[in-house]
Structure formats: structure tokens, C-alpha cells
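First the structure, in the form of C-alpha cells, and then the observations on it.
2 protein chains.
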Amino acid sequence: MTDEAFPYTRRFLQGRSRDALSDREKGLLEGLVDKVERFTAPHTILNRGDVVDQSTILIEGTVARVIHEDGKRHIVALHVPGDFVDLHGFALKRLDHDVVSIGSVQIGFAPHDRIQKILETEPTLARMLWYSTLLDAAMHREWIMKLERLSADGRLAHLVAELWQRLDFVDLAGENGFSLPLTQQELADACGTTSIHMNRVVKKLRETGVVDISRGQVTVLDKTLLKELGAFDPAYLYGRGPLKLT
Amino acid sequence: MTDEAFPYTRRFLQGRSRDALSDREKGLLEGLVDKVERFTAPHTILNRGDVVDQSTILIEGTVARVIHEDGKRHIVALHVPGDFVDLHGFALKRLDHDVVSIGSVQIGFAPHDRIQKILETEPTLARMLWYSTLLDAAMHREWIMKLERLSADGRLAHLVAELWQRLDFVDLAGENGFSLPLTQQELADACGTTSIHMNRVVKKLRETGVVDISRGQVTVLDKTLLKELGAFDPAYLYGRGPLKLT
DNA sequence: GTTGGAACTTAACATATGTTAGTGGCCGGA
DNA sequence: TCCGGCCACTAACATATGTTAAGTTCCAAC
């Protein structure tokens, strides 16, 4: 059976574990998705503090997890298609962050009672779902390291390298870059700096021939420089796909 | 049965879920611990990249999770007694960070095959273990927010407030502070700054009457100021215990 | 095409933080 | 007892980043 038979979870399968699952299990995973929604304008899908009874899987586009604090937004995670965005909501129930769409997105919703049933009856899938939340935490740790260690240009380089790699896992990376609908303000929110300073950094990386970010498109000019500047080692992503940046 | 019957997991039970478990389940949890070790000097217990077949629970003292990068150490998480330090190692197997002891610590080891058995047969405990790793991720997210949003004094204030709260959950917080064996260098490593600058910040917080950190002892001088400065809202800890700082 | 707003860009200045260098105190080992 | 090393602390200077205030480009709605 081809992956096209699983329109909602296709990217998830590409990213992690296509070969580890039987077709029956893939079908069960696909069956988690209850309904699908598309948002074309920026939209806050879930709010911090919400009590949730379903989790969301990103099918297409980009979403961010955001913590608002006195008027400023701080991006604590970015997601690519195939990611379970708030699977942790299944156990924690109350969200500690907002979930917002960036650009045009398509999202699937998985009711918690369906997840519950899978957990009880499908040990392989249960393990995989847990695994998926642990990978999330590993990325968080790398972001912490990035924020503690790197200055603004390094942070941007790291962000670009990570997104490129993660998009590559789900077959969405181009040969020399990828499409990224983030504004400079949003890049700044993800790197813990201001849009003015992010503008300086974007300009600098462009002029030094590292990476060009403009009009929603990332073009990597020198992947070695990019990796060095971002102190990027993809090991924490635990990926099984081809490691384009390695 | 009193909690003293569970010497290894007593703090874990105090922190989260004492009432949610039957005595039988508490016994099973306690039985996860295979052997116990004590380290009196600073010691690297596990290394990044290690393939692990057991997970560690902190019984007494402080441990840090550390990512080394060109000679510098970056603390990505700190743990208090009762924490499962690397439960994620059960699923991920390969560690993406070191685990190091700070001061004198006592640590229990839980072989993965025992955890596996619990997961297969004890849904309540399985859920609780998953929950525990998700809480870990929630703290990571808060650290990301803290690093993105706060300057060095705010970061230190946040760190102190968080540790005080978490120690309170496990009955280890004092009325006006707590014992903390971190050096200024280590505080700097956890706040993404240098020891020199951390020294400035420690001095400033002491002089402005927020908190006094000296000789391994944290004395909170003004908890309202501390919370404000650190933008600290304990909601993300999802705690059930008394919220001393609220 | 015009208009309005959002995104991008730049400049000048203030501040936080990093860097390098060095001091003195404390404590444990020889 | 002395010694050596780690830790706390300070100073002077360099740099990265934040802040405020503009101007410009781009694009979409009308």
C-alpha cells in the first residue's frame, strides 16, 4: 500500500517510521484523525490554559507554539507537516502555550478517546506516540542550548539548519533551501531577539554568503558555514531519513 | 502505609500523585529501582551519546543535564529529588545530553526491562510515567520562554522561583529559601550567561533586596519581587501541592 | 491605478553583556 | 603548616543587542 493511502498521517510516517508499522497499524493511525480544517489567514487555533479533548496533527503548512508575555510573543517550538503539535495535551489536558497557524495550514484533529483506545490496544503505536513527544522534548533541549550558547546570528543559522533537516525528513526540503512563511518579526520571536536586530542578522548572513532569507524563501548558500555558525549537529533529531546536512 | 515505606520513590510520590496510586502500585513503582548509588564529588553519571538500558531517579541532592559545546557546559535542566532524570532514555535509548551530579547525590537505577513490564501491565503507572516526561517538556518550554524573554537578572529570579516551587512540592523547601549547591559558574551555565556577569546579577539581587544567594544557601528576601522579576507563573508545573508562591 | 497597511530597512544612541585580567578568601591535600 | 586550586569578586574595555524613530518597499483590497 502506498503512503498516498494515508493523506493525514503520510508525513508523520515519512518522517519517522514508515517501515516500523504494518499497514493495519498505519490505518489505525490514520483513523485517529476525526476532522480536518484549513486556515488561510494567521489564526490562533488553541489558547494557553485551554482544556483540550483532542490533539492536533499538522498536515500542511507551518504552526508555532507560542507563549505570550506582556504583549510580546515568544515562539517555543515550530512544526513541520507530520508533527503531532500538542500530543502532550492528551495527558496534561491543560495547554501551557498557544498554538497559532503561520501562513496557510491544514490541520487534523484526533479526539483523545480515540488516542486512548490506541494506547490500550496497540503497544507499538503507543510507544511511537510516546516517542514522538520525547523527540519534542529533545528539540526543546537543543533550543535551550542554542539560546544559552549562541548569539543572534548563530541562533538564526541553527533554526534554519534544523528546519531544513526536519523538512527533509518529510520530503519537503528543496536541494538548496525551502519555503518558510515566517516574517522577520517571527524569526526574532523564535530566536529571542527583536525584529530590528533580526533584520541586521538576516542582512549579515546574506552578505556573508551563508543563507538568503527573503520573500518567504530560504536559500542556503553555504551549508558548511551554516552548520558551523549554528553549531548544528542533527543527532538530537534522532532521524532515520537521509541526513542531507551531515 | 506511610510513604517512608518507599525510600526511593517517596519524593516522586510526594511531588505528583500520592493519592492517585494504590499501595500495590506504589510498591511496583518502588520496585523499579534496582540499585542505588551515592556520589559525593561532582561526577558525570551518563554521557551524551551513551546507549542506556536503565533510567535514573534522583533520590537526594541535585543533578543537572548538560550539553557540552566547545569546552563550555550548558545546563538544559536541573532536577530535584523525586525526578526521573532520564526516563526519556527508555524510548530514545541514546542520550542527547550528559547527566552530572552537583554536590552530594543519591541516585536509583531502574532497568528498562522492569519499566517495560510496568508499561505493559499497569496502565495507571504507564500514564503517570508518560505524564512525568511531558512535565519535563513543559519545563523546557518555560526555560525557552525565560531565555527568549528575560535578561540575566530575570533569568536568575525565574530559576530561583522555579526551584523553590519544585522543592516545595517534595517538602524540601524552607520557609524563606532553600539549600542550593550550585556555584555562580553553574548558575551562569543554567542562565546562558558568563560567571562574571552572573556575579554582577547575584550582587544586584542581593542589594535590591530580592534574594540572597551565598554559601550554597538561597534566602528569598521578597517573594513578590522575585516572582515579578522572573515573570514566574507556576501554572506550567501543573503541581497539585500547596502553591507557596502564588 | 490608488491607497493603506504590513513588512522590511536604516540610523543614532543607550544599555546589557562578553572578554580579559587580576585580586583575595577559603579549604583540603601533601 | 604550607601549598594549590577553586570560588567569589572587581575593574576596564569591547561588543552585541535593545530602543526609538524614521523612511522605503511590497502587496493586496478597492
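Residue numbers (the numbering used here), protein chains in the order written: chain E, 1325 to 1570; chain D, 1325 to 1570.
Quick reminder that beta carbons are idealized off the backbone N, C-alpha and C, glycines included.
Those residues of the region 1437-1449 of chain E placed with their C-beta closer than 9 Å to a C-beta in chain D are 1443, 1444 and 1447, ordered along the chain.
For residue 1365 of chain E, the secondary structure class from DSSP, reduced to helix, strand or coil, is coil.
Here residue 1502 of chain D carries a strand assignment [DSSP, helix/strand/coil]. Proximity of the region 1424-1442 of chain D to the region 1515-1531 of chain D falls short of the contact definition, fewer than three beta-carbon pairs being nearer than 8 Å. With its beta carbon at least 8 Å from every one in chain D, residue 1482 of chain E lies outside the interface.
Interface with chain E (8 Å Cβ-Cβ cutoff): residue 1473 of chain D is included.
Within the same chain, Cβ atoms closer than 6 Å to the Cβ of residue 1556 of chain D are found at 1482 and 1485, the five residues on either side in sequence being excluded. Taking 8 Å as the upper bound for CB-CB distance, residue 1405 of chain E and residue 1494 of chain E are in contact here, some 6 Å apart. Here residue 1380 of chain D is buried. Its C-beta has 16 or more other C-beta atoms within 10 Å.
Here residue 1460 of chain D carries a helix assignment [DSSP, helix/strand/coil]. In this structure, DSSP gives residue 1386 of chain E an extended state, which the three-state scheme calls strand. Among the residues of chain E, those whose CB is under 8 Å from the CB of residue 1393 of chain D are 1469, 1473 and 1555, following chain order.
Annotation for residue 1449 of chain E: 1349, 1352, 1353 and 1442 place their beta carbon closer than 7 Å to its own, counting only its chain and skipping 5 residues before and after. Using a Cβ distance threshold of 8 Å, residue 1358 of chain E and residue 1378 of chain E count as a contacting pair.
Assigned with DSSP and collapsed to three states, residue 1536 of chain D falls in strand. Between the region 1415-1428 of chain E and the region 1367-1378 of chain E, the count of Cβ pairs shorter than 8 Å is three or higher; the stretches touch.
The three-state reading of DSSP puts residue 1446 of chain E in coil, since its state is none of H, G, I, E or B. Residues of chain D with a Cβ closer than 7 Å to the Cβ of residue 1400 of chain E are, in chain order, 1465, 1468 and 1469. Boundaries of the alpha helix (DSSP H) around residue 1492 of chain E: 1476-1493. Distance from the Cα of residue 1344 of chain E is smallest, within the candidate group E/1462, E/1367, E/1392 and E/1453, for E/1453.
Listed as beta-bridge partners of residue 1541 of chain E by DSSP are E/1503 and E/1538.
For residue 1458 of chain E, the chain D residues whose Cβ falls inside 7 Å of its Cβ are 1412, 1415, 1416 and 1457, in order along the chain. Secondary structure of residue 1380 of chain D (DSSP, three-state): strand. Taking the C-beta atoms as reference points, residue 1360 of chain D is found nearer than 8 Å to residue 1432 of chain D.
For residue 1406 of chain D, there are no C-beta contacts with chain E under 8 Å, since the nearest C-beta of that chain is about 18 Å from it.
One finds 1465 in chain E with Cβ atoms closer than 7 Å to the Cβ of residue 1421 of chain D, taken in chain order. Membership of residue 1508 of chain E in the alpha helix (DSSP H) is indicated by the continuous run 1508-1515. Looking at the DSSP output, residue 1418 of chain D shares a beta bridge with D/1375. At a cut-off of 8 Å between beta-carbon atoms, residue 1396 of chain E makes contact with chain D.
Taking 8 Å as the cut-off, the Cβ atoms of residue 1412 of chain D and residue 1458 of chain E count as close. Residue 1533 of chain D has a beta carbon lying at 8 Å or more from every beta carbon in chain E.
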